[in-house]
Every structure is written in structure tokens, then in C-alpha cells.
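As C-alpha cells, the structure follows; a few thoughts come after it.
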Amino acid sequence: MGNFQFDWQAAINSIPYLLEGIPYTLLISGVGLIFGFVLGIIFGLLSINPVRLLRWPAIAYIEVFRGTPVLVQVLFIFYGLPQVLGGPINALTAGIAAIALNAGAYISEIVRGGVQSIDRGQREAGLSLGLSRLDTFRYVIWPQALRRMIPPLGNQAIVSIKDTSLFSVIGVGELVRQGQIYIATTFNALEVYLMVALLYLVITLTLSAILRGLERSGLVGQ
Numbered sequence: 011m012g013n014f015q016f017d018w019q020a021a022i023n024s025i026p027y028l029l030e031g032i033p034y035t036l037l038i039s040g041v042g043l044i045f046g047f048v049l050g051i052i053f054g055l056l057s058i059n060p061v062r063l064l065r066w067p068a069i070a071y072i073e074v075f076r077g078t079p080v081l082v083q084v085l086f087i088f089y090g091l092p093q094v095l096g097g098p099i100n101a102l103t104a105g106i107a108a109i110a111l112n113a114g115a116y117i118s119e120i121v122r123g124g125v126q127s128i129d130r131g132q133r134e135a136g137l138s139l140g141l142s143r144l145d146t147f148r149y150v151i152w153p154q155a156l157r158r159m160i161p162p163l164g165n166q167a168i169v170s171i172k173d174t175s176l177f178s179v180i181g182v183g184e185l186v187r188q189g190q191i192y193i194a195t196t197f198n199a200l201e202v203y204l205m206v207a208l209l210y211l212v213i214t215l216t217l218s219a220i221l222r223g224l225e226r227s228g229l230v231g232q
């Protein structure tokens, strides 16, 4: 233990191999977040719908997927659902579905909070101008709510990117999986996992910088 020396060359040599996993990491998180945003809008708005028949199923979806680990969700989709469907599910598809369903639940709460944060007077002003309830929502409430939602949506994107690291358990060739395969042939676990962590850090810091730039420009927020 005392004779251990960090092998910088091994760490550097692993980078080209690890970079092959980044497209999968970005694909799963990106596509998953797109579907998750759609689910978030639908279930977020349903969760504040006065009709119980619509509201309670939305709340149930949100609570189930916020209350269970994304790792369990992807294992259920990849190993459990094929027993019901009678056929296998592609690992990449399972990963995208898990991100979409999990992120969708959190985004639903972001949407709900964003819409409810708009002062009631804005709704009344729209109606007083002769707009219908739908048009008031589309042209008055939603644009303001969306601006307020962007920072927490950015945070959710970062969380979802990091969640893809769990999908190595089903064989998706993302960053962690690429690292595991490389370690199996070189046995340089410390060096390789350090580079994996640094690559995740580069991705998330880049996204954070973009979000901070949007906030400073005044395009998002209050």
C-alpha cells in the first residue's frame, strides 16, 4: 500500500476509450429529458387540475417515480417488463425510458411550482382583457412560468446526466461502463475512475456555465 504510485500515463491512455462512452451518456440523458419534459408538462398540469379523476393519477405517478431509486426503475424496465411484454427491451431504450419517467416526475413538480408561482392577478388580468382561460394560460401564465422553471430544469438535467452512470448495470456503453471494461484489461481502477469523474465534471460544469450565462442575461428567472 505504501508503495503505490499514481500512473498518470494509464489515466491519459484511458481517455480515448472513455470518450467513446460520452455519446451514449449524452444520448440517454438528452432524449430522456426531452420525453421527461413532455411528461412533466402533462402530469404537472394534471396534478393541479381541479378534477380529481385527472389529478390523483398524476400525483400517483409523481410520487411513485420520485419515491423509488432510478436504479430500481431501470432494472424493472430492463429485466421485469420483458416478462410481461414477452420480448427483450434494448438496454439503450431501457435507459432512456428510465430517465424520461424519473425526470418526468421531478419536472412535473417544477412545472406545478412554476405555474402556481404566478400571481393570481395575472390570470384575472388576462380574463379581464377578454382572453379565454386557455389563451390566458398560453399567453400570460405559461411564458412567465417557463422563465422561472429554467434554472430548476437545468439542475434536473445535471442530475439526469449523472444518473446515467447507474446504467452500466444493464450493459449500456456509457462512461462508467467504458471505464469498467478498460479496468478489466489494465487493472488501473484508481486512474480510470478518476478520469471518469473528471469527464462527468466537465459535462456538468459546462451545462452549469450555460445556465449561469442565461441567468446573467436576464432570459431566465424572475
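Numbering (the working numbering), first residue to last: 11 to 232. Glycine included, C-beta positions come from ideal geometry on N, C-alpha and C. Remember, predicted model here, so these are calculated numbers, not experimental data.
Exercise for the section: Going by CA-CA distance only, name the one from Phe-147, Leu-163, Ser-39 and Thr-78 that's closest to Gly-50. Expected result: Leu-163
Exercise for the section: Pull up the distance between the alpha-carbon of Asn-165 and that of Leu-221, whole angstroms please. Expected result: 9 angstroms
Handout entry: Cβ pair count under 8 angstroms reaching 3, the region 126-140 against the region 96-108
Key = no
Exercise for the section: Flag Ser-118 as yes when its Cβ comes closer than 6 angstroms to any non-hydrogen atom of the ligand NAD, and as no otherwise. Expected result: Only the bare structure without any ligand can be found here, which leaves the ligand NAD out of the picture.
Practice task
Count the other CB atoms, across all protein chains shown, that sit within 10 Å of the CB of Tyr-149; report buried if there are 16 or more and exposed otherwise.
Solution key: exposed
Problem - Gly-181 and Tyr-34 closer than 7 angstroms at C-beta - result: no
Practice task
Starting from Gly-131, follow the alpha helix (DSSP H) in both directions and report where the run begins and ends.
Solution key: 130-138
Exercise for the section: In the DSSP assignment, find the unbroken alpha helix (DSSP H) run with Phe-45 in it and report its ends. Expected result: 32-56
Practice task
Please work out which residues of its chain come closer than 8 angstroms, Cβ to Cβ, to Ile-38, disregarding the five sequence neighbours upstream and downstream, and give them in chain order.
Solution key: Leu-102, Gly-105, Ile-106, Ile-109, Thr-174, Phe-177, Val-182 and Glu-184
Handout entry: Buried or exposed by the 16-neighbour rule on C-beta atoms within 10 Å, applied to Ala-167
Key = buried
Practice task
Please report how far the alpha carbon of Pro-92 lies from the alpha carbon of Val-80, in whole angstroms.
Solution key: 18 angstroms
Exercise for the section: Whole angstroms is fine: what's the gap from Gly-54's alpha carbon to Val-121's? Expected result: 5 angstroms
Handout entry: Nearest candidate by alpha-carbon position, reference Gly-189, set Ile-22, Ala-70 and Pro-67
Key = Ile-22
Practice task
Go through the region 54-102 residue by residue and report every complete run of the alpha helix (DSSP H) that reaches 4 residues or more, in order.
Solution key: 62-77, 80-85 and 91-95
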